[in-house]
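Novice: Dropping a structure here in structure tokens format, bear with me for questions.
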Ligand SMILES: *[C@@H]1O[C@H](CO)[C@@H](O)[C@H](O)[C@H]1NC(C)=O
């Protein structure tokens, strides 16, 4: 009887040891929140933040450290099937961050992830890699499984970058309109030009037109045989302008000799 009892107690000790080993998974309390994001909306291509508030179990005095945070996007329609994990998020690694309360509050750890999907609802999962400093064993602890709504990032129309782009575009469009108004028929400048030439021809109607006169070989004194209106002033005044001496050419010519 005694032997049986001692055998049983030995078995019991072995059993409790085994269960202790199986249950060495740290019993962390992990609260996952999406700060300022009640509906778990995540923007494509941008940093989307979750914060883990981690509280170690009070009863245990083992030293636990955070080694990393992992995440994955999940296809909730494929639970337990291939394709359930759509994409792994980039792991954030820590250098043995002690998991203990800070100023009496749970340790808060942020994690940013960057979705690149078309807008839809997606499953997400986060896991914490926790190291037990006594045993040196790493534990991959489930922190959160939930749903996020992927949206395109909200475009801010008064974003500084956008504003400068609008300014450049406005400049280009304005220049194009101005250029078109200068160069296409029906525009003010062209009609002004037409008006001017019409007035010139009507005034030339009473006296013999200079072009006709020159064509017939009769020279009209004081008048050139062509319409001078369109010739820029400085071309006409060329003769009257004092001709600048060109000392450089003569000097260079003499110096060469
Ligand atoms: C995600 O990472 C795990 C290992 O952490 C790997 O087994 C799995 O194939 C990865 N899945 C994808 C979709 O990359």
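Residue numbers (my numbering): 111 to 367. Glycine included, every Cβ here is placed at the ideal spot set by N, Cα and C.
Just to confirm, are residue 220 and residue 161 a CB contact at a threshold of 8 Å?
Specialist: Residue numbering aside, residue 220 sits at position 110 when the chain shown is read from its first letter. Residue numbering aside, residue 161 sits at position 51 when the chain shown is read from its first letter. Yes, the Cβ-Cβ distance between residue 220 and residue 161 is below 8 Å.
Novice: Going straight from the alpha carbon of residue 196 to that of residue 249, what length do you get?
Specialist: Along the chain shown, read from residue 1 onward, the residue named residue 196 stands at position 86. Along the chain shown, read from residue 1 onward, the residue named residue 249 stands at position 139. If I take the Cα positions, the gap works out to 23 Å.
Novice: Residues around ligand 1, please: the ones whose beta-carbon is closer than 7 Å to some heavy atom of it, in chain order.
Specialist: That query returns the following residues: 180, 182, 195, 196, 197, 198.
Novice: Do you know how far the Cα of residue 217 is from the Cα of residue 242?
Specialist: Sequence index remark: in the chain shown, residue 242 carries index 132 (1-based). Sequence index remark: in the chain shown, residue 217 carries index 107 (1-based). The alpha-carbon atoms of residue 242 and residue 217 are separated by roughly 17 Å.
Novice: Buried or exposed: which applies to residue 179, given that a residue is buried once 16 or more other Cβ atoms fall within 10 Å of its Cβ?
Specialist: As a working mapping, residue 179 is identified with position 69 in the chain shown. Answer is buried; the Cβ neighbour count reaches 16.
Novice: Kindly indicate which residue of 280, 229, 184 has the alpha-carbon position closest to the one of residue 198.
Specialist: Counting from one through the chain shown, the residue named residue 198 turns up at place 88. Ranking 280, 229, 184 by Cα distance to residue 198 puts 184 first.
Novice: With burial defined as no fewer than 16 other Cβ atoms inside 10 Å of the residue's Cβ, what is the status of residue 273: buried or exposed?
Specialist: Sequence index remark: in the chain shown, residue 273 carries index 163 (1-based). Counting Cβ neighbours within 10 Å, residue 273 comes out exposed, since fewer than 16 surround it.
Novice: Whole-angstrom Cβ separation of residue 207 and residue 175, contact assumed at under 8 Å?
Specialist: Numbered from its first residue, the chain shown carries residue 207 at position 97. Numbered from its first residue, the chain shown carries residue 175 at position 65. That pair is a contact at about 6 Å.
Novice: If you draw a straight line from the C-alpha of residue 283 to the C-alpha of residue 292, how long is it?
Specialist: Numbered from 1 along the chain shown, position 173 holds the residue referred to as residue 283. Numbered from 1 along the chain shown, position 182 holds the residue referred to as residue 292. Approximately 14 Å, taken between the alpha carbons.
Novice: Distance, Cα to Cα, residue 227 vs residue 294?
Specialist: The residue you call residue 227 lines up with position 117 of the chain shown. The residue you call residue 294 lines up with position 184 of the chain shown. Spanning the two alpha carbons is a distance of roughly 49 Å.
Novice: Could you tell me how far apart the beta carbons of residue 236 and residue 143 are, in whole angstroms, since I believe they sit closer than 8 Å?
Specialist: One-based indexing of the chain shown puts residue 236 at position 126. One-based indexing of the chain shown puts residue 143 at position 33. So it is not a contact: roughly 11 Å between Cβ atoms.
Novice: Quick check: what's the CA-CA separation for residue 257 versus residue 229?
Specialist: As a working mapping, residue 257 is identified with position 147 in the chain shown. As a working mapping, residue 229 is identified with position 119 in the chain shown. Looking at the two C-alpha atoms, the distance is approximately 13 Å.
Novice: Apart from the five residues on each side of it in sequence, which residues of its chain come closer than 7 Å, Cβ to Cβ, to residue 204?
Specialist: Reading the chain shown from its first residue, position 94 is the one you call residue 204. Excluding positions up to five away in sequence, the list reads 176, 177, 178.
Novice: Grab me the residues of residue 251's own chain with a C-beta within less than 8 Å of its C-beta, minus the 5 sequence neighbours each way, in chain order.
Specialist: Looking up residue 251 in the chain shown gives position 141. Same-chain partners within the cutoff: 135, 136, 138, 140, 237, 238, 239, 240.
Novice: Give a yes or no on whether the C-beta atoms belonging to residue 182 and residue 222 are separated by under 8 Å.
Specialist: Here residue 182 refers to the residue found at position 72 when the chain shown is read from its first residue. Here residue 222 refers to the residue found at position 112 when the chain shown is read from its first residue. No, the Cβ-Cβ distance between residue 182 and residue 222 is not below 8 Å.
Novice: So what does DSSP say about residue 325, is it helix, strand or coil?
Specialist: In the chain shown, residue 325 corresponds to position 215, counting from 1. Because the pLDDT of residue 325 is 47, which lies under 50, any placement of that residue in the model is unreliable, and the question is left without a value.
Novice: Looking only at its own chain, which residues have a Cβ that is under 7 Å from the Cβ of residue 145, when we skip the five neighbours before and after it?
Specialist: Position 35 of the chain shown, counted from the start, is the residue given in the question as residue 145. Answer for residue 145: 159, 161, listed in chain order.
Novice: Contact defined as beta carbons within less than 8 Å: I believe residue 189 pairs with residue 244. What is the distance between those atoms, to the nearest angstrom?
Specialist: As a position in the chain shown, residue 189 is number 79, starting the count at 1. As a position in the chain shown, residue 244 is number 134, starting the count at 1. Wrong, their Cβ atoms sit about 35 Å apart, outside the cutoff.
Novice: Using a threshold of 8 Å, state whether the C-beta atoms of residue 263 and residue 193 are closer than that.
Specialist: Numbered from 1 along the chain shown, position 153 holds the residue referred to as residue 263. Numbered from 1 along the chain shown, position 83 holds the residue referred to as residue 193. No, the Cβ-Cβ distance between residue 263 and residue 193 is not below 8 Å.
Novice: Helix, strand or coil: how does DSSP classify residue 200 here?
Specialist: Within the chain shown, residue 200 is the residue found at index 90, counting from 1. Coil, per DSSP.
Novice: Hey, quick one: how far does the beta strand (DSSP E) through residue 222 stretch, first residue to last?
Specialist: Start at 1 with the first residue of the chain shown, and residue 222 comes out as number 112. Unbroken beta strand (DSSP E) run through residue 222: 217–223.
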